[in-house]
Amino acid sequence: MKTILLVEDDLLTNELFKRILTERGYKVLKAINGKDALKLFDQAEEKPEIIIVDYRLPAELNGLDLSKEFIKRNPRLKILMITGDPRVDKLQTSKIGIKLKMKPISKEELITEIDLLTRSSNFPSKEGGGLFSKEVSQKNNKLTLEIRF
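Take the sequence shown: its letter number 46 is residue 45 in numbering that gives the first Met the number 0, and every next letter is one higher.
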């Protein structure tokens, strides 16, 4: 069972997302701010493999700063940032490997995004213990596939 850490300060959204993800078979840890999220992550026996984080959080850390802290702890984490703020820098989030999704987000969209993250090529494998990634790019009508171990 994959573990997801959900960081959302809106209690109703937090509970709704937890219910949706639990029904899909995920173990969900919940936090309402960055400080609690880092503490939960650090103390978890089974470390989360996916983080869902709201951009706007109370207190000292916003979702982007919090995501950077998680990446320092584990660069292989999959992070989905959800925001209603159109000013969030999409280029900056994608450069550091964060998937950005604008609110409102439907149940189907949430499930699709999480399923895509769990199937993405460099998702940590418990069996393999290594990082396998592939990159497909198309430049000047030429398709390139690069596989790295």
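Just so you know, even glycine gets a beta-carbon here, dropped at the ideal spot from N, CA and C.
Query: Neighbourhood of Leu39 by C-beta, 7 Å cutoff - its chain only, sequence neighbours within 5 removed; Result: Leu4, Leu28, Ala30
Query: Cα-Cα separation, Lys102 to Glu7; Result: 12 Å
Query: Residue closest to Val52, alpha-carbon to alpha-carbon, out of Ser66, Pro74, Ile110; Result: Ser66
Query: Enclosing alpha helix (DSSP H) for Ile110 [first to last residue]; Result: 106-118
Query: N-terminal and C-terminal residue of the alpha helix (DSSP H) that Lys17 is part of; Result: 10-22
Query: Beta carbon proximity, Leu4 to chain B, threshold 8 Å; Result: Although the question refers to chain B, the structure presented lacks it and comprises just one protein chain.
Query: Nearest neighbour of Asp84, chosen from Tyr54, Gly33, Gly24, Ala43 [CA to CA]; Result: Tyr54
Query: Whether Ile50 touches Ile95 by CB criterion (8 Å); Result: no
Query: Candidates Glu112, Lys106, Thr111, Thr117: closest to Ile19 by CA position; Result: Lys106
Query: Proximity to Phe16 [Cα-Cα], best of Ser119, Glu112, Arg118; Result: Glu112
Query: Asn73 and Lys34 closer than 8 Å at C-beta; Result: no
Query: Residue span of the beta strand (DSSP E) that contains Lys98, given as start and end; Result: 97-101
Query: As assigned by DSSP and simplified to three states, the class of Ala58; Result: coil
Query: Whether Leu76 touches Phe69 by CB criterion (8 Å); Result: yes
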